[in-house]
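Please read the structure below before turning to the comments.
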Amino acid sequence: MPKIEDPVERFVSVIKFYLSGWHIRPPGVKKPLNPILGETFTCYWEYPDNTRGYYISEQTSHHPPKSSYFFMAPEHHIRVDGTLKPRSKFLGNSAASMMEGISYLRFTNRGKSKGGEKYILTQPNMYARGILFGKMKYELGDHSFVRCPENGLAADIEFKTKGWVGGTYNAIGGVIKNEKTGETLFELSGFWSGEMTIKDIKTGQKKVLFDATHAKHAPPLSRPIEEQGERESQRLWRSTVQAVHARDHEVATTEKAKIEDRQREEAKRREELGVEWKPKLFRRVDSRPGGAEEGEEDLEWIINANLDPKASPQELVEKILSIAPILPGQGAPTQREPQHQSQPATTSQPPAAQKNAGEHLQASGNLIDFDSRPPSTAPPESYPNQAASNHQQSVPPRNGANLMDDDEHLSNQVSKLKMHEAMVPEGQKPLKRTDTDTSEVDVFVDAEG
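In the UniProt record's numbering, the protein residues as written are 1 to 449.
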């Protein structure tokens with residue numbers, strides 16, 4: 001993409017990239033895991049030209065949930081920074097995940113700004129239909145947007161949900177416009193699970209933009225479980241995932257509750273002492289005039305490293321690998337001591353780590369299982385019933401280990417909390433309060449076969 005000279009063609013290539021991944025989805029429908037504060041996930045991709053792309057994410061807030069992520073392919077001059085802020089909504093027989101948040105994709109070898117040519121992306125919302133009766137079905141819906149302010153180009157893409165009477169599943173429509181003139185340049189149509197086309201308004205020419213039915217999925221690669229820290233997604237949730245695979249819902253719920261209960265205990269201690277938790281891998285954006293992320297306040301969090309786009313690819317790779325372990329055999333970097341300070345108990349907390357639980361080398365699937373059949377653009381009447389199961393594997397904590405305190409970053413913080421608490425006279429200790437979050441009954445439900 002960054003090699004394309006024409007800005008309009010380059011923008012169309014970004015739209016193609018954006019639409020190319022929505023067909024990659026795990027099978028079935030299940031209640032998702034709740035990422036815990038400070039949970040991390042890292043992975044990488046290997047490309048045919050012997051280069052790599054690197055991904056780092058962290059759960060930076062729990063109330064409300066936020067996940068911050070970073071991706072970079074240094075040799076290809078591509079960088080992505082984003083924060084995902086999912087918000088649940090119940091709509092009768094449907095449950096929705098409103099995918100708030102924003103992503104910034106940059107071509108670091110182009111553009112007038114110091115970070116490179118910037119593209120702003122949002123995501124469609126996700127719907128689970130039939131949660132009370134009928135067949136469970138997963139849909140993407142509503143409008144998402146892609147903009148390149150520097151070149152004055154924007155795309156409005158609608159992910160169409162099936163109506164009660166007519167329509168089909170997985171349809172899309174949209175337009176690409178010149179924001180400076182208001183002129184519509186292209187129209188988009190098709191199915192995000194199948195063939196998508198683009199029509200040039202001036203010439204009337206229509207061609208295939210992307211065909212998901214012939215695309216080959218390239219799953220991310222990850223370090224072996226035994227090399228991962230106990231707050232890394234795959235290792236943290238392994239016991240829960242194993243129970244889900246075994247269809248032992250009671251054990252799965254128990255294992256999930258252990259992790260969440262531990263997190264609530266730690267949150268209570270922080271609140272009682274007025275200590276603010278801060279993420280290990282990400283920092284607040286500096287969106288002030290003249291700041292490093294001026295005008296990007298919606299991002300909220302960004303990777304805590306100075307990655308100069310003018311540096312060589314090798315220098316950037318070394319810098320990325322010093323942030324967190326990503327490659328097999330890579331030693332853990334020196335842990336930064338977490339910053340904390342006395343704050344009122346109402347301080348906000350940061351975003352969540354994307355959860356791709358998987359074995360060594362491949363991280364494929366997760367506990368949010370939706371539709372297990374191959375992608376199809378057929379009308380809903382022709383869809384066969386399916387079963388849902390396939391999930392990801394992660395690694396369990398050591399027996400007797402404290403899930404919240406084992407990571408050195410959090411261990412240091414909790415140790416200081418305990419020292420602080422021990423110095424407070426008994427009569428002056430603040431009142432404890434009950435955390436009411438995640439009090440609902442956790443049930444793992446399979447879609448009907």
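Backbone N, C-alpha and C define an ideal beta-carbon position, used for all residues, glycine too.
It should be emphasised that the depicted structure is a prediction, and the values quoted were computed from it without experimental measurement.
{"Asked": "Closer than 7 Å: Asn50 CB and nearest the ligand GDP heavy atom", "Found": "Of the ligands one can find in the structure shown there are none, so the ligand GDP has no counterpart to examine."}
{"Asked": "Own chain residues within Cβ distance below 7 Å of Val251, not counting five before or after", "Found": "Ala243"}
{"Asked": "DSSP state of Gln123 mapped onto helix, strand, coil", "Found": "coil"}
{"Asked": "DSSP-derived helix/strand/coil call for Arg79", "Found": "strand"}
{"Asked": "Per-residue DSSP class, three states only, for Phe17", "Found": "helix"}
{"Asked": "For Asp308: DSSP bridge partner residues", "Found": "Its beta-bridge partners do not exist; DSSP assigns none."}
{"Asked": "Own chain residues within Cβ distance below 7 Å of Asn178, not counting five before or after", "Found": "Gly152, Leu153 and Leu185"}
{"Asked": "Proximity winner among Leu91, Ile102 and Arg79, relative to Lys114 (alpha-carbon distances)", "Found": "Arg79"}
{"Asked": "Residue from His62, Glu9 and Tyr55 with nearest C-alpha to Leu221", "Found": "Tyr55"}
{"Asked": "Residues bridged to Gln59 (per DSSP)", "Found": "Ser67"}
{"Asked": "Whole-number beta carbon distance between Arg147 and Tyr119, since they are thought to touch under 8 Å", "Found": "7 Å"}
{"Asked": "Sub-8 Å separation of Leu316 and Leu327 beta-carbons", "Found": "no"}
{"Asked": "Limits of the unbroken beta strand (DSSP E) element including Ala96", "Found": "Ser94 to Phe107"}
{"Asked": "Length of the line joining the Cα atoms of Ile303 and Ala73", "Found": "15 Å"}
{"Asked": "Residues of its chain near Gln362, where Cβ-Cβ distance is below 6 Å and the 5 sequence neighbours each way are ignored", "Found": "Residue placement at Gln362 is flagged as unreliable, the pLDDT there being 46, under the threshold of 50; the coordinate-derived value follows with that caveat. Pro219, listed in sequence order."}
{"Asked": "Spatially closest choice to Tyr138 from Glu276, Asn170 and Thr40, by CA coordinates", "Found": "Asn170"}
{"Asked": "One or two residues paired with Arg87 in a DSSP bridge", "Found": "Met98"}
{"Asked": "Distance CB(Lys112)-CB(Glu150) smaller than 8 Å", "Found": "yes"}
{"Asked": "Residue from Leu132, Gly141 and Pro325 with nearest C-alpha to Lys162", "Found": "Gly141"}
{"Asked": "Exposure label - Thr203; buried when at least 16 CB within 10 Å", "Found": "exposed"}
{"Asked": "Arg235 classed as buried or exposed, judged by whether at least 16 other C-beta atoms fall within 10 angstroms", "Found": "buried"}
{"Asked": "Beta bridge counterpart(s) of Val12 as assigned by DSSP", "Found": "For Val12, which the question treats as bridged, DSSP gives no partner whatsoever."}
{"Asked": "C-beta atoms of Glu276 and Ser287 nearer than 8 Å", "Found": "no"}
{"Asked": "Straight-line Cα distance separating Trp22 from Gly130", "Found": "21 Å"}
{"Asked": "Under the three-state DSSP convention, the category Ala252 falls into", "Found": "helix"}
{"Asked": "Alpha carbon of Pro279 to alpha carbon of Tyr44, nearest angstrom", "Found": "21 Å"}
{"Asked": "Residue burial classification, Asn93 (beta-carbon count within 10 angstroms, cutoff 16)", "Found": "exposed"}
{"Asked": "Supposed close pair Thr42, Ala246 - CB separation, criterion 8 Å", "Found": "Not really, about 27 Å apart at Cβ, beyond 8 Å."}
{"Asked": "Rounded straight-line distance, which links the Cα of Gln314 to that of Thr51", "Found": "11 Å"}
{"Asked": "Local conformation of Leu273 per DSSP, three classes", "Found": "helix"}
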